[in-house]
Amino acid sequence: MSDDWTAERMPDLSGRRVVVTGANSGLGFEATKAFARKGAHVVMACRSRERGRDAMVDVREAVPGASLTLGKLDLADLDSVRAFAETFDEEFGSLDILCNNAGVMAIPRRETEQGYEMQFGVNHLGHFALTGLLFDALRESPGESRVVTQSSGLHENGEMDFDDVDGEEEYDKWEAYAQSKLANLLFAYELQRRLGDAGIDDVTSVGCHPGYAATNLQRRGPEMAGSRLRLAAMRAANALVAQSAETGALPMLYAATADDVTGGDYVGPTGFRNMRGYPGENESSDLSHDEADARRLWELSEERTGVAFDI
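Here my numbering is used: the first residue of the sequence shown is 569, the next is one more, and so on.
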């Protein structure tokens, strides 16, 4: 992988279709602009239509002529995930790149519409269901299609607590976040294994992480908890330490488009402690490669979402 890869080196994406979850802000917004600059049609999957419309205006100001569609997607509600997928299939039919990007981080304990812990539900279950429901569309792509799942370096702190995955007995917001980000990689790698076992070579599953990037993700937890001190600390850290959201989006863009990416890769920054810098291959934790946990997570995810992949 290149030491100095930037979004300008992405290939031409004219005629290609991309779905980006959480496209109205942060990494998703920056990725949307980059895909649009290369000619892709981007479906901006956003929880809020109002914020999504505002983001579309901003993208078109930055990228005149950008080809965009706004889609309503609330990953905390599996009914919304199904509705988004059904609408996508009716309007488009095929999909080239799916960026499972949206997420929540270190929030007070909340539950999804279906009663699951919010971080596990949004970060993992919602994207598991979305990928499964769009799998036929990914297979319909005339060339290789890719599923890119956004994790975090904090997955290294995660462990799958299958006995209390929802934190009903004991909840720690950071442990729950780390578990959800570990789940992202267990899913990404297990999906690639299942594709390989089935002889499906036209769909590729890749994991990535942004390093430490300044986005709204860090702000939501302190805001929901009503902690002005934590909010101020997060803002200071973003200003002093973090790289920009534009740079933080590079691993996702590389994972989605670079020719030398293969299934099961894990892409992230290659600078200081993999928190900053140009994208390249990273090593994820040993637990992220635990195949028994991956199978157990897959079965749990199918049970909870009611979504089975046609593999």
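All C-beta atoms in this analysis are idealised placements derived from N, C-alpha and C, irrespective of residue type, glycine included.
In this text, all values refer to a predicted model and were calculated from it rather than measured experimentally.
In the structure shown, what three-state DSSP assignment does residue i receive?
i    : result
M612 : strand
T702 : According to the sequence provided, residue 702 is Leu. The question's Thr does not apply to it. In the structure shown, L702 sits in coil (DSSP, three-state: anything other than H, G, I, E or B).
A862 : helix
L636 : strand
A670 : coil
V835 : strand
R876 : Reading the sequence as shown, one finds Ala at residue 876 and not Arg. Coil at A876, not helix or strand.
E851 : coil
A804 : Interpretation of A804 is limited by its pLDDT of 47, a score under 50 that renders its predicted location unreliable; the figure taken from the coordinates is listed afterwards. Three-state result, A804: helix.
E629 : helix
E598 : helix
E685 : strand
E679 : strand
A781 : strand
Starting from residue i, trace the beta strand (DSSP E) in both directions and tell me its first and last residue.
i    : result
Q718 : S713 to Q718
G831 : Counting along the chain, G831 falls outside any beta strand (DSSP E), and DSSP gives it neither H nor E.
N752 : Taken as a continuous stretch (DSSP letters only), N752 belongs to no beta strand (DSSP E), being part of the alpha helix (DSSP H) at K741 to D765.
E736 : Taken as a continuous stretch (DSSP letters only), E736 belongs to no beta strand (DSSP E), as it is neither H nor E.
Rounded to the nearest angstrom, what separates residue i and residue j at their Cα positions?
i    : j    : result
R872 : D645 : 12 Å
R585 : A591 : 14 Å
G607 : D580 : 7 Å
A599 : F656 : 20 Å
D664 : T699 : 12 Å
Q682 : G735 : 15 Å
L818 : V835 : 9 Å
A862 : E758 : 6 Å
A617 : G583 : Looking at the sequence shown, residue 617 is not Ala but Arg. The straight-line gap from Cα to Cα measures roughly 25 Å.
E851 : L722 : 13 Å
E654 : L701 : 8 Å
D858 : E738 : 24 Å
A756 : R762 : 10 Å
N669 : G694 : 11 Å
A751 : Y745 : 10 Å
T680 : M673 : 14 Å
D833 : E849 : 7 Å
L754 : E870 : 14 Å
A575 : R844 : 16 Å
Rounded C-beta distance between residue i and residue j? I'm assuming under 8 Å.
i    : j    : result
A823 : V771 : Going by Cβ atoms, the distance from A823 to V771 rounds to 14 Å, so no, they are not a contact pair.
G764 : G831 : 7 Å
S856 : H777 : Between H777 and S856 the Cβ distance is about 11 Å, and since that is not below 8 Å, they are no contact.
D572 : R615 : That pair is no contact at about 35 Å.
Y780 : A810 : 5 Å
G671 : N691 : 5 Å
S853 : E658 : Contact flag wrong, Cβ pair sits at about 40 Å.
Sorted by chain position, which residues of the same chain lie with C-beta nearer than 6 Å to residue i's C-beta, five sequence neighbours on each side aside?
i    : result
A634 : A604, V627 and R628
G620 : N592, M612, C614 and L638
P866 : Per the sequence shown, the amino acid found at residue 866 is Trp instead of Pro. Excluding sequence neighbours, W866 sits near E758.
R678 : M686
A860 : none
H609 : R585 and S635
F652 : G639 and L641
Locate the alpha helix (DSSP H) running through residue i, then write down its first and last residues.
i    : result
S773 : Element bounds for S773: not the alpha helix (DSSP H) but the beta strand (DSSP E), V771 to C776.
R585 : Element bounds for R585: not the alpha helix (DSSP H) but the beta strand (DSSP E), R585 to T589.
P819 : L818 to T825
D647 : L646 to E659
Who are the near neighbours of residue i in its chain, counting only those whose CB is closer than 7 Å to its CB and skipping five residues on each side?
i    : result
D729 : Q747
K601 : V627, A630 and V631
A697 : L646, V649, T873 and V875
D878 : F703 and D704
R864 : F730
M578 : A602, K606, L821 and T825
So, for residue i: in the same chain, excluding its five sequence neighbours on each side, which residues have a beta-carbon less than 8 Å away from its beta-carbon?
i    : result
F660 : R585, V611 and A705
C667 : V586, V587, V588, T589, G596, A599, V716, Q718, M820 and A824
E708 : G661, S662 and L663
V733 : E685, F688, Q747 and L868
Less than 8 Å between CB atoms is the rule here; does residue i satisfy it with respect to chain D?
i    : result
V587 : In the structure shown, chain D does not exist; there is a single protein chain.
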